[in-house]
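Right, one structure below, let's go through it.
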Amino acid sequence: DTAVSQTPKYLVTQMGNDKSIKCEQNLGHDTMYWYKQDSKKFLKIMFSYNNKELIINETVPNRFSPKSPDKAHLNLHINSLELGDSAVYFCASSQGFGEVNYGYTFGSGTRLTVV
Amino acid sequence: DQQVKQNSPSLSVQEGRISILNCDYTNSMFDYFLWYKKYPAEGPTFLISISSIKDKNEDGRFTVFLNKSAKHLSLHIVPSQPGDSAVYFCAARAGNNDMRFGAGTRLTVKP
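Heads up: the sequence lines are chains A and B, in that order. Count along the first sequence from 1, then add 561; that gives the number in the numbering used here. Count along the second sequence from 1, then add 13; that gives the number in the numbering used here.
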């Protein structure tokens with residue numbers, strides 16, 4: 562029973578395409594996140610949603626649009642993909658703000674390759 | 014602007030010895046620090062955390078030390094086991110659940 566599941570695991574697509582990555586968590590958490598791990602291996606926050614409401618929106622091109630249909634899902638849609646979007650994208654969840662002593666639960670990542 | 018830094022990209026230790034992973038940070042507003050462990054093709058897994066009001070937290074073989082004046086924390090693993098071989102990420106919370114991660118240190122524990 563995967564706690565945070567992302568699909569697809571691998572995604573290879575051409576420049577200019579539009580693609581979506583889906584994330585679902587079955588932990589009952591009310592906060593979900595998208596992180597990008599770049600070529601230098603840094604994990605950088607992109608978005609955070611709490612109870613379907615956008616909380617954190619880092620400086621990310623507006624080609625990236627998160628969508629949270631309910632507390633258990635946070636999808637990432639990317640328009641007009643560029644070569645520089647190639648990275649591993651991680652979804653994560655946590656219970657509220659303040660429960661950070663238990664950390665986040667991460668999905669296994671989606672490796673996006675733009676060619 | 015990398016607020017959390019792990020300056021050692023890799024560390025190799027012998028099984029049974031101590032592993033010490035280091036992390037430095039620049040933002041004095043961080044209130045919580047965490048360590049995550051990551052195996053290949055998996056997401057990071059939470060390992061241990063420490064509040065900024067403490068200087069030590071221990072959980073089994075894992076101990077995290079925090080030196081606020083030096084803006085430095087470290088993770089000690091004693092004794093190290095081959096199964097501990099993974100990438101370890103240091104992370105810090107800047108409020109509002111905004112978690113900042115370091116670039117990771119790859120630990121290899123040799124049998």
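Every residue, glycine too, gets a C-beta built ideally from N, C-alpha and C.
Buried or exposed: where does residue i fall if 16 or more other Cβ atoms within 10 Å of its Cβ makes it buried?
i                : result
Met593 (chain A) : buried
Ser41 (chain B)  : exposed
Leu604 (chain A) : buried
Asp591 (chain A) : buried
Lys50 (chain B)  : buried
Ala54 (chain B)  : exposed
Ala611 (chain A) : Here residue 611 (chain A) is Asn; the residue named in the question, Ala, does not match the sequence. Flag for Asn611 (chain A) reads buried.
Arg106 (chain B) : buried
Val676 (chain A) : exposed
Lys570 (chain A) : exposed
Lys69 (chain B)  : exposed
Val565 (chain A) : buried
Gly56 (chain B)  : buried
Asp646 (chain A) : buried
Ile582 (chain A) : buried
Pro622 (chain A) : exposed
Pro627 (chain A) : buried
Gln598 (chain A) : buried
Val122 (chain B) : buried
Ile90 (chain B)  : buried
Leu79 (chain B)  : buried
Tyr52 (chain B)  : exposed
Ile606 (chain A) : buried
Ala104 (chain B) : buried
Val100 (chain B) : buried
Give me whichever residues DSSP pairs with residue i in a beta bridge.
i                : result
Ile90 (chain B)  : B:Ser32 and B:Phe75
Asp37 (chain B)  : B:Lys18 and B:His85
Arg45 (chain B)  : Reading off the sequence, residue 45 (chain B) comes out as Tyr, not Arg. Per DSSP, B:Ser64 and B:Arg106.
Val621 (chain A) : BP columns for Val621 (chain A) are empty, so no partner.
Val100 (chain B) : B:Lys51 and B:Arg119
Pro627 (chain A) : A:Leu637
Phe59 (chain B)  : B:Tyr49
Starting from residue i, follow the beta strand (DSSP E) in both directions and report where the run begins and ends.
i                : result
Tyr594 (chain A) : Thr592 to Gln598
Asn612 (chain A) : Where Asn612 (chain A) is concerned, there is no enclosing beta strand (DSSP E), given that its DSSP letter is neither H nor E.
Leu635 (chain A) : His634 to Ile639
Thr563 (chain A) : Premise fails: Thr563 (chain A) is in no beta strand (DSSP E) and is neither H nor E.
Val649 (chain A) : Ala648 to Ser655
Ser669 (chain A) : First-last for Ser669 (chain A): undefined, no H or E at that position.
Gln27 (chain B)  : Ser23 to Gln27
Phe114 (chain B) : Met112 to Phe114
Exercise for the section: Examine the Cβ distances between the stretch 17-33 of chain B and the stretch 52-63 of chain B and report whether three or more of them are shorter than 8 angstroms. Expected result: When Cβ pairs closer than 8 angstroms are counted between the two stretches, the stretch 17-33 of chain B is seen not to touch the stretch 52-63 of chain B, the count staying below three.
Practice task
Pull out every residue of the stretch 590-610 of chain A whose Cβ sits closer than 7 angstroms to any Cβ of chain B, in chain order.
Solution key: Per Cβ criterion, the list reads Thr592, Lys601, Lys602, Phe603, Leu604, Ile606 and Ser609.
Exercise for the section: Examine the Cβ distances between the stretch 74-86 of chain B and the stretch 115-124 of chain B and report whether three or more of them are shorter than 8 angstroms. Expected result: The stretch 74-86 of chain B vs the stretch 115-124 of chain B: no contact.
Practice task
Inspect the CB distances between the stretch 574-590 of chain A and the stretch 640-653 of chain A and report whether three or more fall short of 8 angstroms.
Solution key: Between the stretch 574-590 of chain A and the stretch 640-653 of chain A there are three or more C-beta pairs closer than 8 angstroms, enough to call the two in contact.
Handout entry: Members of the stretch 86-101 of chain B near chain A, C-beta cut-off 7 angstroms
Key = For the stretch 86-101 of chain B, no residue has a beta-carbon sitting nearer than 7 angstroms to a beta-carbon of chain A.
Practice task
Indicate whether the contact test is met: 3 or more Cβ pairs, each with one atom in the stretch 607-621 of chain A and one in the stretch 664-672 of chain A, closer than 8 angstroms.
Solution key: Taking one beta carbon from each stretch, the stretch 607-621 of chain A and the stretch 664-672 of chain A have fewer than 3 pairs nearer than 8 angstroms; the two do not touch.
Handout entry: Residues of the stretch 33-50 of chain B with Cβ closer than 8 angstroms to any Cβ of chain A, in chain order
Key = Shown in chain order are the members of the stretch 33-50 of chain B whose Cβ falls below 8 angstroms from a Cβ of chain A: Tyr45, Leu47 and Tyr49.
Exercise for the section: Compile a chain-ordered list of the residues in the stretch 110-121 of chain B whose CB is closer than 8 angstroms to at least one CB of chain A. Expected result: Hits within the stretch, in order: Asn110, Asp111, Met112, Arg113, Phe114, Gly115, Ala116 and Gly117.
Practice task
Would you check if the stretch 575-582 of chain A and the stretch 86-101 of chain B touch, i.e. whether three or more CB-CB distances between them fall below 8 angstroms?
Solution key: Short answer: they don't touch.
Practice task
Select from the stretch 62-84 of chain B all residues with a C-beta closer than 8 angstroms to any C-beta belonging to chain A, and list them in chain order.
Solution key: Listed in sequence order: Ser62 and Ser64.
Handout entry: Contact list for the stretch 565-583 of chain A against chain B, Cβ threshold 9 angstroms
Key = Flagged, chain order: Val565, Gln567 and Lys570.
Exercise for the section: Please determine if the stretch 26-38 of chain B and the stretch 629-643 of chain A are in contact, where contact requires at least 3 C-beta pairs separated by less than 8 angstroms. Expected result: Too few Cβ pairs lie closer than 8 angstroms, so no.
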